[in-house]
Every structure is written in C-alpha cells, then in structure tokens.
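Student: My questions will all concern the structure given below.
Residue numbers (this note's numbering): -17 to 977.
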C-alpha cells in the first residue's frame, strides 16, 4: 500500500469542528451520505477536475481550500502586509528557508488487481477519468506507482507466477514462470494508460512481493506463516528479476523494488493471506548474497532497493541490522514504511533511522483507512475524519525526514474490495459500477493539497511557531504541575501512562481516539524524562514551544519548491476558528482565519522575477534602482552603459542592467570575461573573501530593494491598478530561452583565500579533462556551445526537447565538460529542465535536482543509442571536510578519464554568468598548500617541475597571457602593413576559402 508526497512552500490547514451546511464548490457534483461531509460524484455527464492556478505576483499568495462544510479546491489570494504586534493572531509561524532538510520523491498509489478490475467495470469515458484524476495535470499529479509482484489479498484468489500442481515438486530454473491474466488485463494496460496521461512526468514504478510459490516456502503454502527455504534464496531473487524483465517486454520500466511486503506477517501465527516471513538478519543475507548480485548481473542495479516495507514500529532496529552487514548495505537505497502503527509508534524512530543512516531515503509505501477489526464500516462515503487522518499522518511523516507517501488501492468498490480474504478497506476513489459512477472521497481532496503543491525535488525548510494569546500553562510542558485535560474527547484527566492505556482499551470509541491518546501518552512520557535531566527539560520545552500550535489542534510543515516558491501546511484538529499569522522575512505577514475542519494550502513566490509588470511600474523601478547602483560603480575598471528601458518584463530589465564590462581579475584562471563584476563593484586589490561577501550581500540587498519597492507601489496605489486586476494578473511560469549563449557559463577563480567555514559552506566537484560546454536541448535538437558561444556540435539526445521523435517538448540547459576520449558529456550543473529554471536556486538544491532529473527522470541519457549518441553522466559532489577530500582523491574517480582539477562551489551561490569568487578552482596537487589537506603520493607526482606555489603560478600565467597578447598585436599590425590590394578574382577565391 502506498502514499507519496510533493512539497512546495504551502500552508495546509485542517480544522475539526461541528457539522456545517453542505456548500459544494464549483465543479463538484456533491452528494451527502450522512457521514459528516460530501463526496463529489463523477458520471458520464460530469466530473470535476483539479487545475492548479498560477501563483500571483510577489506580495500576494495563492490560497486553496477544502473543508468539511463542502468546499472542494476553492482558490483565492491573500496579501502580505507589514508585520504587526497587535496580538490579534492566536498562532504565528515564521518560514526559515535557510534551514533545509529532506527533498521530496513524490506521491502515488498502488496498481492492484482490485484497482484494475474496478476501473474496467465503468464505461470507457469514466475509466479514463479515474486515471486522469490521479496521474494527469488535471488530477493529483501522482508520480509514484506501486506494483504487486503477483497476487495480494486485493485479488480474487491467491496466486504467484510459478504455481505448480501438487505432483510437481519445484521449479528452481523457473521454467514455468509467466505473467498471469491479472497482469495482462488489470495491471499492465492500466499502467500504460496512466503513463500517457502523466506525460511528460515519468511514473516511478516500484515492485513489492506478497506471497511466494508454495514450493519455495517451508510451510508449502502461498499464504500464512512461512519463510523462503534457504536453498531457494537464489531462485526467489531470480523470480524478482524475471518479473522486472517481463514487464520490460511491455515497455514498462521500474524505478525501485522493496525487499518484501510486511515481512513480519510471515512470522505471525494464524496470518491468513499472502505472506513471506523474514527477520532483519535473514533479509540482509538474502539482499547481500543473492538479490543484489543477481540484479547487478542482470543490469538492473539502477533499481532503488528499499528494505523493511513494514510498520515503523520496527525502526530503527531493522535498518540497523541490515546496514550492519556491509555486503548488503552497498545495495540498499532506502527504507519503505507503512502507516498502520503510526498511532502507536513515536516519530523519533524515523529521526533515529535518518540520523544513523543518512544515505537512505525514507518513503511511505502503504496507507489506507478502515482496516481495523473495530471499524465495522469499511467504506465511509464522505468521511472528513478519515481525510484528516491522512493529512495528519502525511504532515507528521514529512516533519521527520520522510520523502514521500504512497496510498494503497487507487480505486475500490462500494464494499471496499474485491478482496479474496474479505479484508475490505476504504480508498480515495470508490466505484459504484451498477450506477455507472464513481465518488471522490474527502481523502482525495486532502491528498491534492499535498500532491499538487509539492512536486519532486521540493525541499523541507524550517518553520517556527509561537502562540500569542493563550497562556503557557494550558500546554503540557516539562515541569508543569497541571496535566492537559482531554475534554474534547470526553476523557477524564490523565495522571499516568497506565491510566491512559486503561482508558484507551476500555473505550467504546477507541478507534477515533487512537491518535489523540497516543499524543498525550507521548507528551507525558517526555514530561517524566524532562524532570530527570535539566538539559533534556530545556530541549523538550524548546520543541514543544515550536509545536505549541497543537494546543489549537494545529500541526504544520513547510517546503521550498523547485520553482523557488514557498509552501506551509497546517493541520488544525481543534473545534474553534483559529487566527494564524504567516510571516516571511522578505514579504511581511499574511493573517489567515482558519475555519473548523478546513484544509488550506498557502503558496507564494520567493524570489521569482518572471512576472509581468506594468510599463510605468518598470520606469518607476528604474528611477529608484539605477541611481542606487550607479553610485557604487566607481571603480576605474568598470564602465556602466545606461540604456533607455522600454521593456515590459523583469527578465528584460535584469538583462539590460547586466550590461557591465570589466577587466579580468588576477585570480581568474580563464579568459577575460565581460560580466565578471555583474553583481559587485570592487577595486582590483580587494581580497577574494571580501568580494565573496560583497556578492552575497549585494544579491540580498538588490532583491530586497526590488521587492520592497514593488510592495510600496502597490500599497500606495501609484500604479492605478485595482486590487482585483492585480490579483488576477497572469504570471509567466516558464523560463525564456536566450537567443545567444556567449559568456553564459558560470566560471571560477583560483581559490586564493580559504574562508574559515570552508568545510561547512562549500561543495567539491572533481572535474575530468575535457572542454567546458553548454548543452542546450530545444525544439527537437541538441546543441553544444563553447564558453564563447560558438556552436561545437548538433545532435539528437534524450534530454527534454532533445530530439524530434520522442522528446520534442520542453527545454533543457546543462553545464557540462565534454570528453572527446570516451564521447561523454560529464554534467557539472543544471540550469534549466523542462522549461523550469533553477538559476536562482542555491548550489545544493541544483545539484540534488540534477541528480533526480538525470538519474531518475531521464535514465536513457546515460546510454548510447540512435536517439542519444553521446552519454550524459552526472559528476557527484562531496563535502569539503579534510577527510572527505583526501578520500575523494584516494579512491577511484567517478569517471574514466584523468582528473583535471576540482571546483569548489559555495552552497549559497546561484548560477550566474561569468567568473565569480563564489566558485573556486584548484589542481589536486595544490590541496596541501592551500587547504592543508593530505593527498596520495600519486597526486603529488603530477605536480609540474616548474611549479613553486599558487601565487607564482598565477603570476606566470598572467605574464604568459600578456606576452601572447603582445605577439598577436605585433603579428596583426605587420600583416596590415604588408597586405596588398587584391583583384576581384583573388577576393572571390579568399571568400570561398574562408567559407
């Protein structure tokens, strides 16, 4: 089962309260079944779709709301204002984009037999609408898909791909392996249709096995308690490979595999359906000695292998035991988690797992509601309670290093099946085949508030919270004598852990109070621990202060999207209207009124400059901005060329303002570049560190001045534009491709001044010997340009927009090093992908986005083919600690050509044109001298015999360039003097020769 999440900077709010009148939003054909809220009905004549409105201009925020009262995906705008200290807000939150955590992989659901069977019971038009509701841009925009390997309980019968008769003893060579009717009718066709609707976004498919063939198990049964016989470990691994290869024959490639669905089920006495039992040690043995090597031999080692695939109750112990096996650890990429015991298991299990194994991603791979025996109604049409449970669990998981959330069945029938063992559950979409319609549950719209706003690559960022009007003693803080009362749930005051569990297990409404009870149990346990140690008490108090909004039933999480917009998500389980102040240091504050039982997503631009703007607003901006800049441009090395601004967009303004020419700085190892001082005005004798600081500070001030000025214009009404027009103003969402690429590449300087915080603020990228190239894919062809803008080559590729057959749409721009030796483009940096620019993003984000886009979004680029004649390989980055740098030079290089040198990128630098002091360059043999880092003896042998030290080397190179320039000038002047007049015929011959 699965459920994955995408993140942007958005605010989502869910509030619990009393029932309100049903007022369905536009587009939703609502129907009330008496379970607290409404479903949206889709039939042949009508089905609502979810479009994501464009973000408004800076200073405004997009707000999308769904509620128990019947709102479904209602959009509006909110305006930032100057922060106030009036105390009117109940809760205040502040976004901290400087603090980052994990990035998002995505969201998705499972392509089970039950899903396919139910979809096919509908008319053809509605079949398409179900898949569109999940995987298209007009739906949830899922990008993950879980595919069962064989049957599950949500099949019509138990089966595998190699079932034998009772007379047959086994099939170690898998001669009888074959896909079944269920694959050919219910899975593969449905996945293929979903892929077409999701295009160009690829669907990351990952497989999970439930049961194994009976002859492989020690209980001789597909179902129930039983393990794989040790003699069949290799066969079971090959079984997985045959599954991947069989789906590959239908043009379905997989992104990942889990090692077993809920391995503890097969260790449980009396377990009734498909299962295979594993302990962590056994799983490590199988992965390290069988599955991993066999996947490698089958050229499937690109698959992301995920261990556990069970409840977080078993963390971090399961991950610790598997990863302690060094052989198994090299094949493991992530940890798959199920949500079913989240109410029972504290979140620090996720934190500990990430802390001990930071290289592993955490991904929720299964979730559903209605699964417990004490829940008699498996499908509850219109349940807002279940929608809130989904939202609460997603937020909680994302707060603790989880990268995505995968739901279980995409669609079920009115009973919550079919399920051969009658283990019925609920789903976001319920199909009513006899009536020819399906219902979108409140869970569906709750998911949309995450999946539509949080695409792959979104980064979780810091979010601090404080209450303004409520007294601190109402919270359970370490040292408080009062215990928090559970009046909302009609429970008595709790004084001990024993009382909690006694009340819980005797309560007739236990299933509704699970999360509330465990939250109190966890808080009280923290109180007891807090009294034991003073440091622990202070730490707990700080954490509870940050989460003090839970007094109102609020929880929240914030993200930064790849397009640099911000998203904050609130979940309010209180009964009252809550006034929340959302603070952004750049823009000010938005005051929100969160109604009971409401989920609201708030998203705004962080630093985008592509919005349309009125002509006279541009003029006003120039009047304010140009004098400020020109007053600082006093260096004799800089000439400022002022032009008349007649443009309508901020892109054109910035392009015009960038017309600054400068002489080359002495620390520049490359040729002279006209945009070297684009963001700074400096005397030539200033130190490299001073210029670094000036660049960072100038960028912050310039952005603040522009946005503050625009905000002041809007507040004073200078533009004459009404608020309504301003709020409805269209935004340019795509990056405008430049016409020329001369001096586009970001270049480096010799790393002369090493900052004190070098290890913490810089990333190292080893560079192979080759030619620096800017690769541009657009309009069905790919071009490689030199630093000076000369087009070196034109060819097809599998990059977005790179060939005329499969990739005509989109636009990609990569900063690469071309190696003529092995015909490979080694990718240094990502600038644009699918029309989406990341130039204004920091280095770490660009590198991570490059990793996900190139390795997972376009794996075809790493192989030579007719449509991709040259490989594209990403160069990994390393932190700059001395041990890491030494290890980087000691171990084999990530490329097969010799090492040229190492680039050092400041973590906060954007991708700028020309040389910048925020990117440094050193040869590997210079490490001991400049960085005081030890290097292998083989590296020191590469040092030229004439090399003395870096300053001397820079001066020698400068003198050499000067002599070369003088010789060229002399040669040019002598040619002019000796040049004779030529006849017309001679001129024609010269022109022909030049051509």
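Beta carbons are placed, not taken as given, at the ideal position from N, Cα and C, and that holds for glycine.
These figures come from a predicted structure and were not determined experimentally.
If you drop the 5 nearest sequence neighbours on each side, which residues of the same chain put their C-beta closer than 7 Å to that of residue 761?
Tutor: These residues qualify, in order along the chain: 783.
Student: Compare the beta carbon distance of residue 386 and residue 342 with 8 Å and say whether it is the shorter of the two.
Tutor: Not a contact, by the Cβ cut-off of 8 Å.
Student: Measuring alpha carbon to alpha carbon, tell me which of 322, 286 and 542 ends up nearest residue 312.
Tutor: Among 322, 286 and 542, the Cα nearest to that of residue 312 belongs to 286.
Student: Figure out for me which residue from 403, 37 and 101 has the closest Cα to the Cα of residue 395.
Tutor: It is 101.
Student: Report the rounded CA-to-CA distance for residue 648 versus residue 800, giving the unit in angstroms.
Tutor: Confidence at residue 648 is low in this model, with a pLDDT of 43, below 50, so its placement is unreliable and the value that follows should be read with caution. Whole-angstrom Cα-Cα distance: 27 Å.
Student: Please determine, among 888, 81 and 906, the residue with the shortest C-alpha to C-alpha distance to residue 875.
Tutor: Selected option, being the one with the closest Cα: 906.
Student: Can you check whether the CB of residue 585 is closer than 8 Å to the CB of residue 420?
Tutor: Cβ distance not < 8 Å, so residue 420 and residue 585 don't count as in contact.
Student: Would you identify the three-state DSSP class for residue 765, choosing helix, strand or coil?
Tutor: Three-state result, residue 765: strand.
Student: Using only CA atoms, which one of 90, 260 and 269 lies nearest to residue 188?
Tutor: It is 90 whose Cα lies nearest to the Cα of residue 188.
Student: Please state the DSSP three-state secondary structure of residue 586.
Tutor: Correct three-state label for residue 586: strand.
Student: Evaluate residue 351 with the Cβ neighbour count: other Cβ atoms within 10 Å of its Cβ, from every protein chain shown; 16 or more gives buried, anything less gives exposed.
Tutor: Per the 10 Å Cβ criterion, buried.
Student: With distances taken between CB atoms, is the gap from residue 860 to residue 868 smaller than 8 Å?
Tutor: It is not a contact, given that the beta carbons lie outside the stated cut-off.
Student: Would you say residue 94 and residue 443 are within 8 Å of each other, going by their C-beta atoms?
Tutor: Against a cut-off of 8 Å, the Cβ pair of residue 443 and residue 94 comes out as no contact.
Student: From this set, 265, 103, 948 and 155, which residue's C-alpha is nearest residue 197's C-alpha?
Tutor: Closest option to residue 197, Cα to Cα, is 155.
Student: Specify whether the stretch 310 to 329 and the stretch 284 to 302 touch according to this definition: at least 3 beta carbon pairs, one from each stretch, less than 8 Å apart.
Tutor: Contact between the stretch 310 to 329 and the stretch 284 to 302 is present, because at least three Cβ pairs lie under 8 Å.
Student: So what does DSSP say about residue 816, is it helix, strand or coil?
Tutor: Coil at residue 816, not helix or strand.
Student: Look up residue 46 in the DSSP assignment and say whether it is helix, strand or coil.
Tutor: It is a strand residue.
Student: For residue 821 and residue 538, I'd like the C-alpha separation in whole angstroms.
Tutor: Their Cα atoms are separated by approximately 29 Å.
Student: From which residue to which residue does the beta strand (DSSP E) around residue 748 run?
Tutor: From DSSP, the beta strand (DSSP E) with residue 748 extends over 744 to 750.
Student: Quick check on DSSP: helix, strand or coil for residue 368?
Tutor: Reduced to three states, the DSSP call for residue 368 is helix.
Student: Applying the criterion that 16 or more other CB atoms from any shown protein chain within 10 Å of the CB defines a buried residue, is residue 425 buried or exposed?
Tutor: Label assigned to residue 425: buried.
Student: Can you give me the C-alpha to C-alpha distance between residue 263 and residue 211, rounded to a whole angstrom?
Tutor: Approximately 15 Å between the Cα atoms of the pair.
Student: Can you tell me the Cα-Cα spacing of residue 818 and residue 937, whole angstroms?
Tutor: Using only the alpha carbons, I get a separation of about 41 Å.
Student: Tell me whether residue 567 sits in a helix, a strand or coil according to DSSP, three-state version.
Tutor: Three-state DSSP puts residue 567 in coil, outside helix and strand.
Student: Which first and last residues belong to the beta strand (DSSP E) in which residue 548 is found?
Tutor: Segment 547 to 554, the beta strand (DSSP E) holding residue 548.
Student: How is residue 428 classed by DSSP in three states: helix, strand or coil?
Tutor: Three-state DSSP puts residue 428 in a helix.
Student: CA-CA distance, residue 848 and residue 777?
Tutor: Each residue's alpha carbon lies about 10 Å from the other.
Student: Extract the residue ranges of the alpha helix (DSSP H) inside the stretch 234 to 316, only unbroken runs of 4 or more that lie entirely within it.
Tutor: For the stretch 234 to 316, whole alpha helix (DSSP H) runs of length 4 or above, ordered along the chain, are 262 to 268, 274 to 279, 299 to 305 and 308 to 311.
Student: Can you tell me whether residue 811 is buried or exposed, with buried defined as 16 or more other CB within 10 angstroms of its CB?
Tutor: Buried, since its Cβ has 16 or more Cβ neighbours within 10 Å.
Student: Check the DSSP bridge columns for residue 190 and list the partner residues they point to.
Tutor: In DSSP, residue 190 forms a bridge with 130.
Student: By DSSP, does residue 19 sit in helix, in strand, or in coil?
Tutor: Residue 19: coil per DSSP, three-state reduction.
Student: Going by DSSP in three states, residue 228 sits in which element: helix, strand or coil?
Tutor: Looking at residue 228 - three-state DSSP - the assignment turns out to be helix.
Student: Quick check on DSSP: helix, strand or coil for residue 899?
Tutor: The answer is strand: DSSP assigns residue 899 an E or B state.
Student: Could you name the residues of the same chain whose beta carbon sits closer than 7 Å to that of residue 249, not counting the 5 residues immediately before and after it, in chain order?
Tutor: Hits under 7 Å: 207 and 259.
Student: Would you list the residues sitting across from residue 579 in a DSSP beta bridge?
Tutor: Beta-bridge pairing links residue 579 to no other residue.
Student: If I follow the unbroken alpha helix (DSSP H) through residue 117, where does it start and stop?
Tutor: That run of the alpha helix (DSSP H) goes 106 to 117.
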